[in-house]
Ligand SMILES: C[S@@+](CC[C@H](N)C(=O)[O-])C[C@H]1O[C@@H](n2cnc3c(N)ncnc32)[C@H](O)[C@@H]1O
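Residue numbers (this note's numbering): -16 to 273.
Shown next as structure tokens:
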């Protein structure tokens, strides 16, 4: 009979395997001795899968070519904290950027807009960007406008697709932004459901932004938001990420990362530019064949 030692704490060696796996695949650094924390977060997976220890769990993940368990594993580790209209000063700059994008596209006679929300979590950021695009009134009618959110956490992606939120997701909305709640959401008991007109051009994908295939079929992006995820990553992973983004973003595009994050001295593929006191990143066009 198989005896499952449910609460057997992870050994240091097992912790090392799993920590390195998370870093190599997703770039996420687990700093210090987080053995107990990791054990608490994933021990139920051993029970569910009928495994005896974390070495078996590691082997199970490695043998699964579909990467399903790898994604389940990472979803228990990531921090999904997010809310609508987060870091308003950056969003004001985004609204200004939309005006200059419209100007450039008019000259190029192009009517396609692609905005990415990388590490989109449950979708609040992607939908915030869509509300601002909508409010700008610049990309109506025959414009092909798409906002694409990508995250490694399948639960977050499911929530994002449902577009159904509680007041917790509106905690930073005040002033003008607060009026958007009545304007763009239908209230049902304690739930707020984003109106369909604001969801149809938004798509969410399960994917790892360190892998190029996460971006397949997107084409050139005009603006990429990637906020509050690089803080969890190693410099080596940030370099990999920057290299993926370099090819994805258009030569005139903008990259916006979290205000507590920086690419300075981590990559020379993007250069900082100040806009109303906010740092945005532009492609370093002097680099060829990076
Ligand atoms: C703190 S949330 C940030 C949400 C949103 N960008 C914001 O600023 O409000 C971090 C998200 O990054 C996701 N994440 C972590 N590593 C990732 C990776 N390699 N590729 C895609 N998403 C990742 C996590 O699943 C989590 O949902």
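Virtual Cβ for every residue (Gly too), placed ideally from N, Cα, C. The structure presented is a predicted model; accordingly, all values stated were derived computationally and were not measured.
Output needed for residue i: all residues of its chain with C-beta closer than 6 Å, excluding positions within five of it in sequence on either side, in chain order.
| i | result |
| --- | --- |
| residue 160 | 68 |
| residue 84 | 205 |
| residue 262 | 255 |
| residue 211 | 241 |
| residue 222 | 250 |
| residue 22 | -8 and -7 |
| residue 203 | 233 |
In the DSSP output, which residue or residues are listed as bridge partners for residue i?
| i | result |
| --- | --- |
| residue 100 | 132 and 208 |
| residue 264 | 238 and 255 |
| residue 28 | DSSP output for residue 28 lists no bridge partner at all. |
| residue 170 | 175 |
| residue 187 | 132 |
| residue 95 | 127 |
| residue 37 | According to DSSP, residue 37 bridges with nothing at all. |
| residue 11 | 216 |
| residue 148 | 175 |
Express the C-alpha separation of residue j and residue i in angstroms, rounding to a whole number.
| i | j | result |
| --- | --- | --- |
| residue 188 | residue -8 | 34 Å |
| residue 247 | residue 256 | 11 Å |
| residue 62 | residue 181 | 26 Å |
| residue 103 | residue 26 | 26 Å |
| residue 1 | residue 162 | 45 Å |
| residue 6 | residue -1 | 11 Å |
| residue 111 | residue 66 | 9 Å |
| residue 158 | residue 185 | 25 Å |
| residue 20 | residue 28 | 14 Å |
| residue 252 | residue 89 | 27 Å |
| residue 55 | residue 47 | 12 Å |
| residue 87 | residue 201 | 20 Å |
| residue 275 | residue 245 | Not covered by the structure: residue 275. The range shown for the chain is -16 to 273. |
| residue -14 | residue 76 | Bear in mind that the predicted position of residue -14 carries a pLDDT of just 45, short of 50, making it too unreliable to give a figure here. |
| residue 59 | residue 92 | 45 Å |
| residue 16 | residue 226 | 31 Å |
| residue 243 | residue 213 | 9 Å |
Within its chain, find whatever has a CB closer than 7 Å to the CB of residue i; leave out the 5 residues flanking it on each side and keep chain order.
| i | result |
| --- | --- |
| residue 218 | 249 |
| residue 126 | 94 and 96 |
| residue 9 | 57, 135, 191 and 193 |
| residue 167 | 114, 177, 178 and 181 |
| residue 139 | 63, 104 and 105 |
| residue 119 | 78 and 81 |
| residue 130 | 98, 100, 109, 112, 113, 184 and 185 |
| residue 270 | 251 and 252 |
Kindly give me the distance between the Cβ atoms of residue i and residue j, rounded to whole angstroms, as I take these residues to be in contact under 8 Å.
| i | j | result |
| --- | --- | --- |
| residue 266 | residue 236 | 7 Å |
| residue 12 | residue 44 | Incorrect: roughly 19 Å between the Cβ atoms, too far for contact. |
Apart from the five residues just before and just after residue i, which ones in its own chain have a Cβ nearer than 8 Å to its Cβ?
| i | result |
| --- | --- |
| residue 264 | 237, 238, 239, 240, 246, 253, 254, 255 and 256 |
| residue 151 | 66 |
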